[in-house]
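Throughout, the working numbering is defined as the position within the sequence shown, counted from one, plus 6.
Quick reminder that beta carbons are idealized off the backbone N, C-alpha and C, glycines included.
All values derive from a computational prediction rather than experimental measurement.
Since the structure comes first, as structure tokens, the remarks are kept for the end.
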Amino acid sequence: QYVGEGSSNAYFGLEGESDDRALVVRARRSIKANQQILIDYGDSARPSWRSLASYGFIPDYSILGPDEEPSVGANECVAEVFYNGVRYEVSSHSVPKELIKAAHASYLEEEEETRTLAMADDIDEGSRNMFPPEVALRLAKIMSDASFDLSINDSDSNESNNMENEDDKFDPDSIANNLVVSLRWTQNQVLLTCALGLRDYAAREDAST
């Protein structure tokens, strides 16, 4: 079974000489008879589309609310976001500093602030003034737009799924389609939750000023 880092009790890897290599599974710690073997697939299964592309399944990810913290070893889902042609990964409760920098730089440009754009390179994670409500709302719109795009692309797939009969459930094309729909759903939920958290943050910041 796939699990998050810290929960695995085994690992796998290629061992042996080049002419006689084998995929070997080894225990990280003592495993009792009939106990389930838990393996962390590592970065090859994160985010979820990599797991689907590499192994043909989507892990049972946790999609946390904006106020929830991930537990140790939890398989937290992340979603892809593109901003100004650059790809970023966000979770339901966190946004990478690089994306905040990019959004902050765009905000300064559009608002024609007297501050230089070089200030955007000095973002301190604990500094509130470098992550103003306007930037949080800008990021929330990015997440909402990406989520909406996923919903639009899924509409045709959902209609076709509703028309499936029992035999279609074992059809390879139908199985692949269902996996893609499941992947899009997890991405959609992460983006919506992240957008909600950003809007909540912006409202709190506005209320405190």
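- Judged by DSSP secondary structure, A111 falls within the alpha helix (DSSP H) whose first and last residues are K103 to E117.
- The alpha-carbon separation between I106 and L143 amounts to approximately 11 Å.
- For A16, the enclosing beta strand (DSSP E) starts and ends at A16 to E21.
- D151 and V141 have their C-alpha atoms roughly 15 Å apart.
- For G19, the number of other beta carbons within 10 angstroms of its own is below 16, and it is reported as exposed.
- Close CB contacts of Y113 within its chain, under the 7 Å cut and outside five residues either way in sequence, are with E140, V141 and R144 (chain order).
- Counting of Cβ neighbours within 10 angstroms places N40 among the exposed residues, the total staying below 16.
- For F88, the enclosing beta strand (DSSP E) starts and ends at V84 to Y89.
- Note: A33 is bridge-paired with A16 in the DSSP secondary-structure output.
- Membership of Y94 in the beta strand (DSSP E) is indicated by the continuous run V92 to S97.
- Rounded to the nearest whole angstrom, the C-alpha separation of I43 and H110 is 45 Å.
- Excluding residues up to 5 positions away in sequence, A28 lie with their Cβ nearer than 7 Å to the Cβ of G22 in the same chain.
- Under the DSSP definition of a beta bridge, A28 partners with E21.
- The alpha-carbon of S60 is positioned some 44 Å away from that of D212.
- I45 sits in a strand when the DSSP states are folded into three classes.
- The beta carbons of V196 and V92 sit no closer together than 8 Å.
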